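Engineer: So for the sequence shown, my numbering puts the first residue at 179; every next one is plus one.
No residue lacks a Cβ here, since even glycine has one placed at the ideal position from N, Cα and C.
This one's a predicted model, so the numbers in the text were calculated from it and none came from an experiment.
Okay, here's the structure, questions in a sec.
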Amino acid sequence: MAKRLKIGIIGSGGIAGAHVRAYKQMEDVEVAAVADIIPGKAEEFIARHELAGAQGFDDHHRLLELDLDGVSVCTPNVSHGATSIDALQAGKHVLVEKPMSVTLEQAVEMVQAAKRADRMLSVAFQPRYDPNMQAVRDIVRSGQLGNVYYVQTGGGRRRGMPQGTFISKELAGAGALADIGCYSLDMVLNALGYPKPITVSATTSNHFGTNPKYHPQANRFEVEDFGMAMIRFERDLVVNFKIGWAMHMDTLGPTLFLGTDAGLKVTPSGSGAWDGGITSIALYHDIAGHQTESPIPVKQHQVNIFYEKIRDFVSAVQEGRPAPIPGSEIIRNQAIIDGILRSSALKREVDIVIPEL
Ligand SMILES: NC(=O)c1ccc[n+]([C@@H]2O[C@H](COP(=O)([O-])OP(=O)(O)OC[C@H]3O[C@@H](n4cnc5c(N)ncnc54)[C@H](O)[C@@H]3O)[C@@H](O)[C@H]2O)c1
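What follows is the structure, given as structure tokens:
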């Protein structure tokens, strides 16, 4: 029987509820503590989720004094860095919600802290557990496409702009890029083995968020609702990426991988394939000189991808495995978002430099 883990949750808002529901399904996990910066909120969360014996705190430092195996960091983006670093320094393994951080500097410090503490830092990208996303990853990694030289990805919602902390520059760092763009980038970069980004030329805008016709908090909307970028990677790979919370359009098209031997088209069912919503996957290749399109069966599945991400973190802690979605890899995702924002502000191509870790 694997060790029964004691877990803490930092930040007891919306997504913390999803973490706790997953942990509560596991007999080998006890949610032993919850911390929220708003006095009384952690205790109310503990009562609502019937976490018998769990302790509530209004300061995560006090939670970290407990003998816990791991923590879920479920605070707004701006606190991901500091709370994760504190938890790692206190000897806890960390599952941090997406996006990894607000700045590249914070992401670097997080990875360095994990290394120093010899603890796991995993980033909570649940679409990785979607069977159809895994099919895309497996096909790209199989080598069937040859040398992949161009990728088009992203997606856009016709209307889908959140409110609250998500639209604050200080608390969220970025808008659509940080909220859904990070998933979309992870979808293709994970399939490609997280190649090293070199430069980016990008633009961002917020025509919808700042217009009271489209957003009820337009006067407080400080982030981008749309971003597009051309990202150059090592090995002459180019990624054409675009993401939007709002637009006057139904779709920004499929995700495409162009390789020297074959191409892969992933057609989204909704605003983008990044969340696992996939209608079809097709391989374009030549067979004995005949141009062929081969459909890859799309699975109708019941996998609870959120549960699977939490379970994988728990099992990795128990088994002493490396982080399932390591911060040392996702730092490239964060560096690209950082580069997109810099390029957009400067209106020119910028270098992406990730310091030695
Ligand atoms: N994986 C997903 O599907 C998913 C979905 C939604 C949100 N998220 C991510 O989860 C994070 C939280 O989002 P949310 O919607 O739950 O936000 P929320 O505002 O509902 O909850 C955040 C909570 O953290 C608390 N908090 C703030 N700073 C804190 C600190 N220093 N210490 C302890 N508590 C603190 C707040 O008081 C609040 O209760 C965001 O980073 C978001 O991107 C992920």
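Using a 10 Å radius around the Cβ and a threshold of 16 neighbouring Cβ atoms, would you call methionine 427 buried or exposed?
Structural biologist: That one is exposed.
Engineer: Check each candidate in Pro502, Ile216, Gly450, Gln312 and name the one with the smallest Cα separation from glycine 431.
Structural biologist: Gly450
Engineer: Using DSSP with H/G/I as helix, E/B as strand and the rest coil, what is threonine 429?
Structural biologist: coil
Engineer: Find the nearest neighbour of methionine 204 within the set Glu534, Val531, Phe491, judged by alpha-carbon distance.
Structural biologist: Phe491
Engineer: How big is the Cα-Cα spacing for arginine 510 and valine 289?
Structural biologist: 12 Å
Engineer: Which residue spans inside the segment 303–375 form an unbroken beta strand (DSSP E) run of at least 3?
Structural biologist: You should have 326–334.
Engineer: Do the segment 469–484 and the segment 233–252 touch if we need at least three Cβ pairs shorter than 8 Å?
Structural biologist: no
Engineer: By the 10 Å Cβ neighbour count, where 16 or more other Cβ atoms means buried, how is leucine 524 classified, buried or exposed?
Structural biologist: Result: exposed.
Engineer: If you draw a straight line from the C-alpha of leucine 559 to the C-alpha of alanine 285, how long is it?
Structural biologist: Lying outside 179 to 535, the shown extent of the chain, residue 559 is not represented and no answer is given.
Engineer: Closest by CA to lysine 347, which one among Gly189, Val256, Val318?
Structural biologist: Val256
Engineer: In whole angstroms, what is the alpha-carbon distance linking glutamate 527 and threonine 381?
Structural biologist: A straight-line Cα-Cα distance of about 10 Å links glutamate 527 and threonine 381.
Engineer: Any heavy atom of ligand 1 inside 7 Å of the beta-carbon of alanine 213?
Structural biologist: yes
Engineer: Leaving out five residues on either side along the sequence, give the residues of the same chain with a beta carbon under 7 Å from the beta carbon of glutamate 400.
Structural biologist: Ile345, Ser346, Lys347
Engineer: Could you tell me the alpha carbon to alpha carbon distance between lysine 391 and aspartate 308, rounded to whole angstroms?
Structural biologist: 36 Å
Engineer: Could you give the DSSP three-state label for arginine 499: helix, strand or coil?
Structural biologist: Looking at arginine 499 - three-state DSSP - the assignment turns out to be coil, as it is neither helix nor strand.
Engineer: Tell me the rounded alpha-carbon separation between leucine 436 and alanine 356.
Structural biologist: 26 Å
Engineer: Could you tell me which residues DSSP puts in a beta bridge with methionine 406?
Structural biologist: Thr381, Lys420
Engineer: Can aspartate 308 be considered in contact with ligand 1, in the sense that its beta carbon sits closer than 7 Å to one or more heavy atoms?
Structural biologist: no
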